[in-house]
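Colleague:
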Amino acid sequence: MNPPASAALAAKDFKSDYKPIWCPGCGDYSVLSSVTKALAALGLRPENVAVVSGIGCSSRIPAYTTCYGFHGVHGRSLAAATGLKVARPDLTVLVASGDGDGYSIGGNHFLHACRRNVDLTYIVMDNHVYGMTKGQASPTTEPDWDSKLSPGGSGVREFHPLVIALASGANFVARAFSGDPNGTAAILAEAVRHPGFSFVEVLSPCVTFRPDQRAWKERAHPAPVAPTDDPARAARRIMTDDGFNIGVLYKGNRKPYRGAVPATSTVAELGRRFELQGG
Amino acid sequence: MHPGHGSVSVALAGSGGAGVMTAGNMLLEAAAQAGYYSLMTRTSGPQIRGGEAAAMVRVCSFPTDAQDDRFAVLAAIDWQNIGRFAAEIPLDSSSLLIGDPAQGDPPELFLKSGARYLPLPLKALAKQIEGGWPNMVALGVLAGLMRLPAQAVERAVARSMKKGREAGINAARLGMAQAAAREDFPLPPPPPKTVRWLITGNEAAGLGALRGGVRFVAAYPITPATELLEYMAPALAKLGGTLVQAEDELASINMILGASYGGAPALTATSGPGLSLMIEALGLGVTAEIPVVVVDVMRTGPSTGIATKSEQADLNIALYGLHGDAPHVVVAPNSLADCLGATEWAVHLAESLQVPAIVLSDQYFGQARAVVDVPVFQDRVVARLTAKNGAAYKRYALTESGVSPMALPGTPGLAYTADGLEHNERGIPSSQASDHLAQMDKRARKLAQLDPGENWASQEGGCDGEGDIAVLTFGSCTGPVREGIARARADGVAARLVSLRLLSPAQPERLKQALAGVKRVLVVEQNHSGQFLRYLRGEYDLPGEVASLRRPGPLPFRPDEIYRRLLELGRK
């Protein structure tokens, strides 16, 4: 299925023939397009890219690409991706998640992946709802959003992933909107190029359980300022903006996670350390 | 002379900072220098630092990792809280209690054993030497009572101490001089010289993993597995591998799944609470057919239990904890040295079958240090079957063996998605009954066709149909069982030992052969509910009359308990 190694690849070469399970109109279709466009633009080959995910609508994305995929357990995509990237630094590793998988069950891993700063690109498709389980409040759901599981609203304030990412040490922070696939592709390509842990929050509407999110198309707008490398300034902007500033918001200079170094010994030599001398 | 069965057991206790572990290690080393096998187990109170602790050293003319029935000597630098170790340091009327009179009398719990009390002013003696410490005097006393050669003790002290070496040697000499005038607890002659190792169970497991090819470890610190990880971290770095300290055990297991999916043989080590957290992801390893190894250094449970003490109570969760029908491998080392071979084997099984493998070690093995014969290595570690090329690649092809070639990321044309969802041969998610059945059959087939050879168990005795009693056990109960059987045989009751190393997949045909002619079975395990007995009842046909000898941790079985039980069975 893969084209010959010499040919330049187009976005379609990164799209598998496996039909997505998503609802018609789901924002994740566009995100898939943006991912494949970004990979083509980066000049990568599918066999050298791994897409790792957890559980949820957005986490179905790996099999829809022609890349190596890992569709693991709920909430642990960052852990699996960390192991993969540390063991295989030659691969480009993308991590796909959603607001439930990434911010709720996987919240702890999010903090530590930001801290650890392994060279990963973390794409969270945020639609402020649990879609796969048919409409429950997620960490980014508004407190007054009514649902069967939280009648009258959860009453719990929203999680602010971009600020959390900054505070935890992510080296690249951006917000994208699925309604702008080309813009999202450009942000993703930049995120992949940037060393260390890159976090891209993609606002990706769920037209089934959050039809109100169709209005996001009107609300999304380019960030009025250029990205900064000052986390404090970035945090202030993110905390005071309207939540629809689209673009790269922070690019840091932290050193990526230190991986393996070349071997200096052998197993036999390590074993000899236990051999008794003298006596 | 104390009835030491070819060995002498001594214990050194004291509160934190007294240096009992340091002195215990030196005694172990001195015994090794004198040509003996020896074993040091340890116990400690709950405090992080400054708590009471005891080093228990058994010096023997034969290799063992069992503690003996009684201790010949208990020496204490002080008695603060040492009474709480009374059950772990059994004494009798032939034992000797040594304590510093300046620290008060020994606790009643020890005195009521009938052991004689010998007051020795350890602190005052240490003061006679500039820079001398009471623990070094105590070391000398214990070595002296065993009549270990002075040269071996001095060499051990010199090897262990960088600073204050002279004072250490002099203090130990002073201790030996104190012992010279006393009755002694002499050792049998040392065995013929052979090449030996000095190693802990946790180190052995770590080295076994490295020998098996593990080059990626992710783990979260937990007692009593931490030392295994602390051994592996620098060792991996020297071999070009990596250890990632994860944020929790959920991350650890998923990290190693990710690394192994990428082609790196990968391992994590934990204890019961951590294994509980890893169970969900182990199921992913089963379904997506990703090899990983989890070493569970078992401690007393449930919940936090007794974090620093041993128990064999994670058998159920290791065998049956996963949801769904999830065939996987469970291996148990049956000696301290076998922590190496069993872990190495587990890597081999995981890699060759593309399946998660759990190694059930325990705190007793993990934190004990012993002089052992050179561990038996796995003679054959088979690399994972990988896919190199081919059209219409099927990651989960229904092969005869159940094992299908695994494409590693980076291989052109073979990209697939590893998935926890049930899938078809190509790896595409499928909810069809036929795919589920075919893939379940495939995953079960991998284990069913496994031929473990002689590795499945240690079988001893029973040659020429000798005896009709068999003792079935696993893990750290094996040592005391072996010794109990030897003593019973000397008294005319023959029994064979079958210590299972491969717990899953079960090997009913092999056990049937091993138990041919057996009429009575004794099942020995260290847990409260008889998990091993229930497992045997479920997976095997046990012949004749079945008796259970079990108790929860942390008290280890002692050879005498096995011996008495065997004599009872033999009289029937």
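From first to last, the protein sequence lines are chains A and S. Just so we're on the same page, this note's numbering is the position in the first sequence counted from 1, plus 20. Just so we're on the same page, this note's numbering is the position in the second sequence counted from 1, plus 12. All residues carry an ideal CB built from backbone N, CA and C; glycine is no exception.
#1: Mind checking who Tyr150 of chain A pairs with in its DSSP beta bridge?
#2: Would you call the segment 94–104 of chain S and the segment 48–67 of chain S in contact, with 3 or more CB pairs under 8 Å?
#3: Give the interface partners of Leu111 of chain A over in chain S, defined as CB-CB distance under 9 Å, in chain order.
#4: Counting contacts by CB-CB distance shorter than 8 Å, is Cys87 of chain A in contact with chain S?
#5: To be precise: take each residue of the segment 424–457 of chain S, compare its Cβ to all Cβ atoms of chain A, and keep it if any distance is under 9 Å. Which residues remain?
#6: Where does Thr423 of chain S fall in DSSP's three states?
#7: Please report the residue range of the alpha helix (DSSP H) in which Ile265 of chain S lies.
#8: Should the segment 487–498 of chain S be regarded as contacting the segment 451–469 of chain S, the criterion being three or more beta carbon pairs within less than 8 Å?
#9: Would you mind telling me which residues of chain A sit closer than 7 Å to Glu363 of chain S, beta carbon to beta carbon, in chain order?
#10: Given a limit of 9 Å on CB to CB distance, which residues of the segment 242–270 of chain S reach chain C?
#11: Look at Ala358 of chain S and Ala369 of chain S and say whether their C-beta atoms are less than 8 Å apart.
#12: For Gly47 of chain A and Gly155 of chain A, I'd like the C-alpha separation in whole angstroms.
#13: With 8 Å set as the bound, which would you pick, yes or no: does the beta-carbon of Ala185 of chain A sit closer than that to a beta-carbon of chain S?
#14: Using a threshold of 8 Å, state whether the C-beta atoms of Met244 of chain S and Gly284 of chain S are closer than that.
#15: Name, in chain order, the residues that DSSP records as bridge partners for Pro131 of chain S.
#16: Here's a check: name, in chain order, each residue in its chain whose Cβ is nearer than 7 Å to the Cβ of Met21 of chain A, leaving out the five neighbours to either side.
#17: What are the start and end residues of the beta strand (DSSP E) that includes Asp374 of chain S?
#18: Quick check on Ser285 of chain A - is its C-beta less than 8 Å from some C-beta in chain S?
#19: Quick check: Gly286 of chain S and Glu259 of chain S, are their CB atoms within less than 8 Å of each other?
#20: Would you mind telling me which residues of chain S sit closer than 9 Å to Pro282 of chain A, beta carbon to beta carbon, in chain order?
#21: Does the separation of the CB atoms of Ala168 of chain S and Ala42 of chain S fall below 8 Å?
#22: Considering only residues of the same chain and omitting the five flanking positions on each side of Pro171 of chain A, which have a CB-CB separation below 6 Å?
#23: Residue range of the beta strand (DSSP E) that Ser470 of chain S falls in?
#24: So, is the C-beta of Glu64 of chain S closer than 8 Å to a C-beta in chain A?
#25: Let's see if you can read the secondary structure: which residues bound the beta strand (DSSP E) around Thr280 of chain S?
#26: With distances taken from CA atoms, which of A:Gly45, A:Arg65 and A:Cys43 is nearest Lys32 of chain A?
#27: Got a sec: which bits of the segment 153–167 of chain S sit with their beta carbon under 9 Å from any beta carbon on chain A, in order along the chain?
#28: Quick check on Phe90 of chain A - is its C-beta less than 8 Å from some C-beta in chain S?
#29: In the DSSP assignment, the beta strand (DSSP E) including Asp308 of chain S goes from what residue to what residue?
#30: Can you find a C-beta in chain A that's less than 8 Å from the C-beta of Glu292 of chain S?
#31: Can you pull the chain S neighbours of Asn68 of chain A, defined as C-beta to C-beta under 8 Å?
#32: Excluding the five sequence neighbours on either side, which residues of its own chain have a C-beta within less than 6 Å of the C-beta of Pro15 of chain S, listed in chain order?
#33: Measuring CB atoms only, is the segment 397–412 of chain S touching the segment 432–446 of chain S, in the sense that at least three cross pairs come out at less than 8 Å?
#34: At which residues does the beta strand (DSSP E) containing Asn68 of chain A begin and terminate?
#35: From the DSSP output, in three-state form, read off Gly62 of chain S for me.
#36: Taking the beta strand (DSSP E) that Asn265 of chain A falls in, what are its first and last residues?
Modeller: On the basis of the data shown:
#1: On the first sequence, residue 150 of chain A is found 130 positions in, with the first residue counted as 1. Partner(s): A:Gln156.
#2: yes
#3: Start at 1 with the first residue of the first sequence, and residue 111 of chain A comes out as number 91. Ordered by position in chain S, the residues that pass the 9 Å Cβ test against Leu111 of chain A are Gly274, Pro421 and Gly422.
#4: Along the first sequence, one-based indexing puts residue 87 of chain A at 67. Yes, its Cβ sits closer than 8 Å to a Cβ of chain S.
#5: Pro424, Gly425, Leu426, Ala427, Tyr428, Thr429, Ala430, Asp431, Gly432, Leu433, Gly439, Ile440 and Pro441
#6: The count along the second sequence starts at 1 and reaches residue 423 of chain S at position 411. Note: Thr423 of chain S maps to coil in three-state DSSP.
#7: By one-based count along the second sequence, residue 265 of chain S stands at place 253. Here the alpha helix (DSSP H) through Ile265 of chain S covers Glu261 to Tyr273.
#8: no
#9: Translated into positions along the second sequence, residue 363 of chain S becomes position 351. In chain order: nothing, as chain A lies at least about 14 Å away.
#10: Considering every chain present, this structure includes no chain C. Its protein chains are A and S.
#11: Position 346 of the second sequence, counting from 1, holds the residue named residue 358 of chain S. Position 357 of the second sequence, counting from 1, holds the residue named residue 369 of chain S. Yes.
#12: Residue mapping note: residue 47 of chain A aligns to position 27 of the first sequence, counting from 1. Residue mapping note: residue 155 of chain A aligns to position 135 of the first sequence, counting from 1. Spanning the two alpha carbons is a distance of roughly 16 Å.
#13: For the purposes of this step, residue 185 of chain A is taken as the residue at position 165 of the first sequence. No, because no Cβ of chain S sits closer than 8 Å to the Cβ of Ala185 of chain A.
#14: As a working mapping, residue 244 of chain S is identified with position 232 in the second sequence. As a working mapping, residue 284 of chain S is identified with position 272 in the second sequence. No; because the gap between Cβ atoms is not below 8 Å, this pair is not in contact.
#15: Stepping through the second sequence from its first residue, residue 131 of chain S is reached at position 119. DSSP lists S:Gly111 as partners of Pro131 of chain S.
#16: By 1-based counting over the first sequence, the position of residue 21 of chain A is 1. Here Met21 of chain A scores only 47 on pLDDT, less than 50, and its place in the model is too uncertain to base an answer on.
#17: Along the second sequence, read from residue 1 onward, the residue named residue 374 of chain S stands at position 362. Per DSSP, Asp374 of chain S belongs to the beta strand (DSSP E) from Pro368 to Asp374.
#18: Here residue 285 of chain A refers to the residue found at position 265 when the first sequence is read from its first residue. Taking Cβ atoms only, chain S reaches closer than 8 Å to Ser285 of chain A, which makes this a yes.
#19: Residue numbering aside, residue 286 of chain S sits at position 274 when the second sequence is read from its first letter. Residue numbering aside, residue 259 of chain S sits at position 247 when the second sequence is read from its first letter. No, these two residues do not count as a Cβ contact at 8 Å.
#20: The count along the first sequence starts at 1 and reaches residue 282 of chain A at position 262. Near Pro282 of chain A (Cβ distances below 9 Å), the residues of chain S are Gly252.
#21: Start at 1 with the first residue of the second sequence, and residue 168 of chain S comes out as number 156. Start at 1 with the first residue of the second sequence, and residue 42 of chain S comes out as number 30. Their beta carbons are under 8 Å apart, which means Ala168 of chain S touches Ala42 of chain S by this criterion.
#22: Residue numbering aside, residue 171 of chain A sits at position 151 when the first sequence is read from its first letter. Answer for Pro171 of chain A: no residue qualifies.
#23: Mapped onto the second sequence, residue 470 of chain S falls at position 458. Counting along the chain, the beta strand (DSSP E) containing Ser470 of chain S begins and ends at Ala469 to Glu472.
#24: Translated into the one-based positions of the second sequence, residue 64 of chain S becomes position 52. So, not an interface residue.
#25: Locating residue 280 of chain S in the second sequence gives position 268, where the first residue counts as 1. It spans Ala278 to Thr282 - the beta strand (DSSP E) in which Thr280 of chain S sits, taken as one unbroken run.
#26: The residue given as residue 32 of chain A occupies position 12 in the first sequence. That would be A:Arg65, whose Cα lies nearest to the Cα of Lys32 of chain A.
#27: Ala164 and Arg167
#28: Start at 1 with the first residue of the first sequence, and residue 90 of chain A comes out as number 70. Answer yes: the Cβ-Cβ gap between Phe90 of chain A and chain S drops below 8 Å somewhere.
#29: Position 296 of the second sequence holds residue 308 of chain S. First-last of the beta strand (DSSP E) with Asp308 of chain S: Val304 to Met310.
#30: In the second sequence, residue 292 of chain S corresponds to position 280, counting from 1. Yes, because at least one Cβ of chain A sits closer than 8 Å to the Cβ of Glu292 of chain S.
#31: As a working mapping, residue 68 of chain A is identified with position 48 in the first sequence. Ordered by position in chain S, the residues that pass the 8 Å Cβ test against Asn68 of chain A are Pro421 and Gly422.
#32: Here residue 15 of chain S is taken as the residue at index 3 of the second sequence, counted from 1. Low per-residue confidence applies at Pro15 of chain S: pLDDT is 44, beneath 50, and the placement is therefore not dependable, though the value from the model is reported in the following sentence. Here the set comprises nothing.
#33: yes
#34: For the purposes of this step, residue 68 of chain A is taken as residue 48 along the first sequence, with counting starting at 1. Element bounds for Asn68 of chain A: n/a, residue is neither H nor E.
#35: Locating residue 62 of chain S in the second sequence gives position 50, counting from the first residue. If DSSP states are grouped into helix, strand and coil, Gly62 of chain S belongs with coil.
#36: Sequence index remark: in the first sequence, residue 265 of chain A carries index 245 (1-based). Run containing Asn265 of chain A: Asn265 to Lys271, per the beta strand (DSSP E) assignment.
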